[in-house]
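> Chains as they are written, first to last, in the working numbering: chain A, 1014 to 1399; chain B, 19 to 355.
Each residue gets a CB set at the ideal place from its N, CA and C atoms; glycine is no exception.
Since the structure is predicted, the reported quantities are computational estimates derived from the model, not experimental observations.
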């Protein structure tokens, strides 16, 4: 019986715990659910009703014009105009109607409304109406009415189409991949060699180097930006190449991830069984061979943990990309593109939500598929500040 | 686009191959420079020793170069630049520091940063601990943990869009499509423009980071809770302690070390928080924090490297105590090893 199990026997009643955890899950999930649902709704529906009503009918206010007075039929003493407020192909359920724009829902659907002056108007839920008057109608044009129409829920993938093609998110997705993949893989090998040296080789200054690596883990990126930007500009000017390039950001990401990589891998590699490495040494294997044939294969879990961290970090990064890759439209990575859209497409939630979901879908996949390694890495490297 | 992907994969292959080649070649070179002649035991052992002296540095070479060029040198350079003018050419002494002390926006940023530091680490640790304890007690706890942990994978920018939609405000008689305002309206309140409410808007931004980081705290603390020796809890149960007492007097004291790690880790993250403020308010409505102010000065009016460097140094100074503590912890562990 472990600690958690013994705690189970005491304290809060079970039901309360279930309920509390359910509540926490809902609170944590709902914001993300909101943008996922919204990204599949039609723009008109997004602005007219909350996303939580997406599966119910959305109430929209619209205007319609009744038929011309010339179409009126005489029924006894009354003149009657009838028809449908919906145009051909248009559908929905009328909830309420009104004759003034300030009060579009003054009268409930299906019941005759007394408009005064001897006029009554009935608009049914299906849109058919009867407009009666105890005398001839005047005027040339049909009367304007306002409707509260419940449109049935409808979902679309059009928003994704739009952002991928015309909002530059497709290009940004490619840019993000271009940044993240080399920035994840290149530092692994470099860090693994260094970690091996720091674990299994004796040399003066080793303890100092380990302390330096641990210290560098928490150095804020802000400290590096100004000198590096100057250095990149100078090198760019000197060699006549653009100062902002993919090669530059690959190196920057590799270097910024390096302290954590060395720290994580060293913790793991130093913990490998001493006997294996020493018996290999006795057999005459060089450090190079030991590293390649024994240490590297055995360290796979630690390498995987770091790779996931580094991928999430490079994919989700905004600051490094803004400084080292530039903010031109076709240079933006996904986070940068999303940030730019927030500025330029402020209230267009169909664009923002679809873009946001494209931005987070890859890390979420990585997260759910490789969660085990991520947790292991976190537990091993919880000194790092993210 | 396709060619760009090809070049990315090309870079991976070339990069990995170049690294492998470097390590392999340097090792071969070492063997050539310091040969181990057969029959000459003395020369062989001398050269083997020499190899052993050089080899660690060959192994660490590329990593060390990256660390020095991208982290060590910039830290020193930033320090130096803080004494120079906006272009980094003319020495101005303490002028940038004097500017910082008297600048209203700088003070505002310090104040906001302190606010963030006071709230976010505490909130994340608290929620993380509570959720860890609760989810350990139910059969579907792991699913719940996964859901709380999930925002860790979401970028700060993505999370900002997610929450901006929650906080969305629509004026006049329009239907509120932001969840928060809809709830407020449902309970009879007046919808608000949450992210421009002075002072309180800071807390609405903090919610985003708490939402992201609680999962981290939960995972680490949950592992620590499982590591508590069961005897201590059983003894407490036998002595008649109730659940509340067991939690606070038996469990929490045993995981103090882990709580400290979680707290400091989130503290460092908070000091560097940038994306959330940039995307939510860009520092408007008194929400500026140091990292954003620093970025702002890096590019404002062509960039002012001196002032920007001073702001970066303030962040660095705040991180330094934690850095020293981490190094001490790590040294202690290495000593045991």
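(1) Residue 61 of chain B lies in the alpha helix (DSSP H); which residues open and close that run?
(2) Enumerate in chain order the residues of its own chain whose CB-to-CB distance from residue 52 of chain B is below 6 Å, with the five nearest sequence positions on each side excluded.
(3) List the whole-angstrom C-beta distance separating residue 74 of chain B from residue 1032 of chain A, where the pair is believed to meet the contact cut-off of C-beta under 8 Å.
(4) Under 8 Å, do residue 306 of chain B and residue 130 of chain B count as touching if we go by C-beta distance?
(5) Between residue 1384 of chain A and chain B, is the shortest Cβ-Cβ distance under 8 Å, so that the two count as touching?
(6) Kindly list, in the order they appear in chain B, the residues whose Cβ is closer than 7 Å to that of residue 1388 of chain A.
(7) Is the segment 19 to 30 of chain B touching the segment 1184 to 1201 of chain A in the sense that three or more CB pairs, one from each, lie closer than 8 Å?
(8) Quick check: what's the CA-CA separation for residue 355 of chain B versus residue 175 of chain B?
(9) Is there a Cβ of chain B sitting closer than 8 Å to that of residue 1008 of chain A, yes or no?
(10) For residue 194 of chain B, would you say it is in contact with chain A, using Cβ-to-Cβ distances shorter than 8 Å as the test?
(11) Using 8 Å as the limit for Cβ to Cβ distance, is residue 115 of chain B near chain A?
(12) Tell me the DSSP secondary structure of residue 1370 of chain A in three-state form.
(13) Could you tell me which residues DSSP puts in a beta bridge with residue 156 of chain B?
(14) State the DSSP-derived secondary structure class of residue 1014 of chain A, mapped to helix, strand or coil.
(15) Is the Cβ-Cβ distance between residue 134 of chain B and residue 177 of chain B less than 8 Å?
(16) Given that residue 266 of chain B touches chain A, what residues does it touch there, using C-beta distances under 7 Å?
(17) For the beta strand (DSSP E) holding residue 1003 of chain A, just list the boundary residues, first then last.
(18) Please find out if some non-hydrogen atom of the ligand MG comes closer than 7 Å to the beta-carbon of residue 1161 of chain A.
(19) Does any residue of chain B have a CB that is nearer than 8 Å to the CB of residue 1401 of chain A?
(20) Please go through the same chain and pick out, in chain order, the residues whose beta-carbon is closer than 8 Å to the beta-carbon of residue 13 of chain B, but skip the five residues on each side of it.
(21) Would you mind working out which of A:1238, A:1279, A:1223, A:1093 sits nearest residue 342 of chain B, comparing C-alpha positions?
(22) Could you spell out the range, first to last residue, of the beta strand (DSSP E) harbouring residue 1142 of chain A?
(23) Under a Cβ-count criterion, where at least 16 other Cβ atoms within 10 Å of its own Cβ denotes burial, should residue 1058 of chain A be classed as buried or exposed?
(24) Tell me, to the nearest whole angstrom, how far the beta carbon of residue 234 of chain B is from that of residue 170 of chain B; I am working on the premise that it is less than 8 Å.
(25) Taking the beta strand (DSSP E) that residue 1159 of chain A falls in, what are its first and last residues?
(26) Taking C-beta pairs closer than 8 Å, name the residues in chain B that residue 1377 of chain A reaches, listed in chain order.
(27) Which residues, taken in chain order from the segment 1144 to 1174 of chain A, show a beta carbon closer than 9 Å to some beta carbon of chain B?
(28) For residue 1383 of chain A, does the count of other Cβ atoms within 10 angstroms reach 16, so buried, or fall short, so exposed?
(29) Please determine, among A:1291, A:1090, A:1190, A:1369, the residue with the shortest C-alpha to C-alpha distance to residue 1325 of chain A.
(30) Does the beta-carbon distance from residue 1278 of chain A to residue 1205 of chain A come in below 8 Å?
(31) Counting only beta-carbon atoms, is residue 1235 of chain A nearer than 8 Å to chain B?
(32) Can you tell me which of the three DSSP states residue 1126 of chain A falls into?
(33) Is it right to say residue 1396 of chain A is buried, meaning 16 or more other beta carbons lie within 10 angstroms of its own, or is it exposed?
(34) For residue 36 of chain B, is the classification buried or exposed, using 16 other Cβ atoms within 10 angstroms of its Cβ as the cut-off for buried?
(35) What residues from chain A crowd round residue 326 of chain B, counting only those whose CB sits closer than 9 Å?
(36) My output table needs one value for residue 102 of chain B: the three-state DSSP class, helix, strand or coil.
This is what the structure gives:
(1) 59 to 85
(2) 65, 68, 69
(3) Rounded, the Cβ-Cβ distance is 57 Å, inconsistent with contact.
(4) yes
(5) yes
(6) 237
(7) Contact between the segment 1184 to 1201 of chain A and the segment 19 to 30 of chain B is present: 3 or more CB-CB pairs across the two stretches fall below 8 Å.
(8) Any answer about residue 355 of chain B is weak, because its pLDDT of 48 lies below 50 and its placement is not dependable; what the coordinates show is given next. Their backbone Cα atoms lie some 41 Å apart in a straight line.
(9) The requested residue 1008 of chain A is not part of the displayed model; chain A covers only 1014 to 1399.
(10) yes
(11) Cβ-Cβ to chain A under 8 Å: no for residue 115 of chain B.
(12) helix
(13) In the DSSP assignment, residue 156 of chain B forms no beta bridge with any residue.
(14) At residue 1014 of chain A, the pLDDT of 42 sits below 50, so the modelled position is not reliable and the matter cannot be decided from this model.
(15) no
(16) Neighbours of residue 266 of chain B on chain A: none; closest Cβ ~12 Å, over 7 Å.
(17) Missing from the structure shown is residue 1003 of chain A; chain A here goes from 1014 to 1399 and no further.
(18) Ligands are entirely absent from the displayed structure, and the ligand MG is therefore not among its contents.
(19) Outside the displayed range of chain A (1014 to 1399) lies residue 1401 of chain A, so it cannot be described from this structure.
(20) Residue 13 of chain B is absent from the model: chain B starts at 19 and stops at 355.
(21) A:1223
(22) 1141 to 1146
(23) buried
(24) 6 Å
(25) For residue 1159 of chain A, the enclosing beta strand (DSSP E) starts and ends at 1157 to 1164.
(26) 168, 171, 172
(27) none
(28) buried
(29) A:1190
(30) Closer than 8 Å, so yes.
(31) yes
(32) strand
(33) With a pLDDT of only 41 at residue 1396 of chain A, under the threshold of 50, the placement of this residue in the model should not be trusted; the figure read from the coordinates follows. If you draw a 10 Å sphere on the C-beta of residue 1396 of chain A, you find 16 or more other C-beta atoms in it, and that means buried.
(34) With fewer than 16 other Cβ atoms from the protein chains shown falling within 10 Å of its own Cβ, residue 36 of chain B counts as exposed.
(35) Those within 9 Å of residue 326 of chain B in chain A are 1235, 1238, 1239.
(36) strand
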